[in-house]
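Okay, so the sequence shown: first residue is 72 according to my numbering, each after it adds one.
Glycine residues also receive a C-beta, built at the ideal position from the N, C-alpha and C atoms.
Report on the following structure.
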Amino acid sequence: MSPQQSAQSMKPATAAKKLGVYLPATPEEFRADTVTRAELDELEKHPPQWLSDLRRNGPHPRPVVAGRLGISISGLARGGVTEPLTTEQINELREDPPEWLVRERETQAKVRAEEDRVAAERAKKA
Numbered sequence: 072m073s074p075q076q077s078a079q080s081m082k083p084a085t086a087a088k089k090l091g092v093y094l095p096a097t098p099e100e101f102r103a104d105t106v107t108r109a110e111l112d113e114l115e116k117h118p119p120q121w122l123s124d125l126r127r128n129g130p131h132p133r134p135v136v137a138g139r140l141g142i143s144i145s146g147l148a149r150g151g152v153t154e155p156l157t158t159e160q161i162n163e164l165r166e167d168p169p170e171w172l173v174r175e176r177e178t179q180a181k182v183r184a185e186e187d188r189v190a191a192e193r194a195k196k197a
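Structure below.
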């Protein structure tokens, strides 16, 4: 390895995904340039105000929305949620869940139970 090894860098979309934020909601300077691994680590350790605000209030990307609602990303699509949601919108759905959300949570619970059963069977065989 040479002493002047170049730093690993990633596209803004990849960095936003790793940070758990919705890329179009990030500042222009974040979207305009690549992000190095060191810069990403710094953002995670010492998040600037814009990152803290996005994580707290949203809008949130689909994986975050799905996780906060306790369903899969596919469940979001089946429920007709195609746009990113804010924390306020997620909380409203939690407080008064529509029928599709109740159904998707039940589906997710069944999937998890089946995964646990399969894992227990594999553990017995091992």
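Within a Cβ cutoff of 8 Å, which residues of the same chain sit near residue i, ignoring the five residues on either side of it in sequence?
| i | result |
| --- | --- |
| Gly151 | Trp171 |
| Ile144 | Arg133, Pro134 and Ala137 |
| Leu111 | Met81, Ala86, Lys89 and Leu90 |
Taking the C-alpha atoms as reference points, what is the distance between residue i and residue j?
| i | j | result |
| --- | --- | --- |
| Val182 | Lys88 | 25 Å |
| Leu114 | Glu154 | 25 Å |
| Ser123 | Thr178 | 32 Å |
| Asp187 | Pro134 | 22 Å |
| Gly91 | Ile142 | 17 Å |
| Pro130 | Ser80 | 25 Å |
| Arg139 | Glu99 | 27 Å |
| Gly146 | Leu125 | 23 Å |
With a 10 Å radius around its C-beta and 16 neighbouring C-beta atoms as the bar for buried, classify residue i as buried or exposed.
| i | result |
| --- | --- |
| Ala137 | buried |
| Pro132 | buried |
| Glu185 | exposed |
| Ala148 | exposed |
| Glu175 | buried |
| Ala197 | exposed |
| Val106 | buried |
| Ala109 | exposed |
| Gln75 | For Gln75, the predicted structure reports a pLDDT of 48, less than 50, and the residue's modelled location is therefore unreliable. The matter cannot be settled from this model. |
| Ala96 | buried |
Per the DSSP calculation, residue i is bridged to which residue(s)?
| i | result |
| --- | --- |
| Leu140 | DSSP, once it has assigned bridges, lists no residue as partnering Leu140. |
| Thr107 | Ser80 |
| His117 | Its beta-bridge partners do not exist; DSSP assigns none. |
Identify, in the order they occur along the chain, each residue of the same chain with its Cβ nearer than 7 Å to the Cβ of residue i, setting aside the five sequence neighbours on each side.
| i | result |
| --- | --- |
| Leu94 | Pro83, Ala84, Ala87 and Arg102 |
**Asked** When the Cβ atoms of the segment 149–163 are set against those of the segment 179–196, are three or more pairs found closer than 8 Å?
**Response** In short, these stretches do not touch, since the Cβ pair count stays below three.
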